[in-house]
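Under numbering that gives the first Met the number 0, read the sequence shown as residues 0 to 105, first letter to last. Where a beta carbon is used, it is the ideal one built from N, C-alpha and C, also for glycine. The block underneath contains the structure these notes are about, expressed in structure tokens.
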Amino acid sequence: MSRKYENKIYDQLKNYRRIAEEVKKIIKKIDPEAKIYVFGSVVRGKFTGASDIDILVITYKIDKKYDIMVNVYREIDAPIELHIVTQEMYERWYKKFINEKELVNI
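Shown next, in the form of structure tokens:
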């Protein structure tokens with residue numbers, strides 16, 4: 000990896016809220032009711048060059064999951080990972096592994 004690329008990635012991870020806001024704008028065009036959070040190493044401040052920005056999207060329009068993914072990944076040039084789930088899926092699975100104190104509402 001070039002130093003320039005590493006610096007770009009580090010800057011994006013450090014400024015994850017700015018990236019998440021861009022993601023939010025795209026998602027809200029598809030599902031205005033979606034709830035969007037960031038979690039993981041960037042929130043804890045323990046990211047590395049191999050980290051990404053974990054974005055949790057809770058939606059009742061799960062049938063729009065692939066529309067959301069395609070639009071976000073097409074528009075955003077940053078190391079992100081989308082986790083698109085229903086409220087029930089969040090309660091049943093993600094809530095077991097994500098400390099609610101580490102969920103940043105976007």
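- Contact between the segment 7-26 and the segment 45-65 is present: 3 or more CB-CB pairs across the two stretches fall below 8 Å.
- Looking at the backbone, the Cα of methionine 68 and that of glutamate 90 are separated by about 21 Å.
- DSSP, reduced to helix, strand and coil, places phenylalanine 46 outside both helices and strands of the structure shown, so it counts as coil.
- In this model, leucine 102 and glutamate 32 are separated by some 18 Å (Cα to Cα).
- Annotation: tyrosine 4 to lysine 27 spans about 30 Å, alpha carbon to alpha carbon.
- In this structure, DSSP gives glutamate 32 a state outside helix and strand, which the three-state scheme calls coil.
- Residue Leu55 holds the alpha-carbon nearest to the alpha-carbon of phenylalanine 96 among Glu20, Asn70, Leu55.
- Beta-bridge annotation (DSSP): leucine 55 is paired with Tyr36, His82.
- Here the alpha carbon of lysine 34 sits roughly 22 Å from the alpha carbon of aspartate 76.
- Judged by DSSP in its simplified three-state form, asparagine 104 adopts strand.
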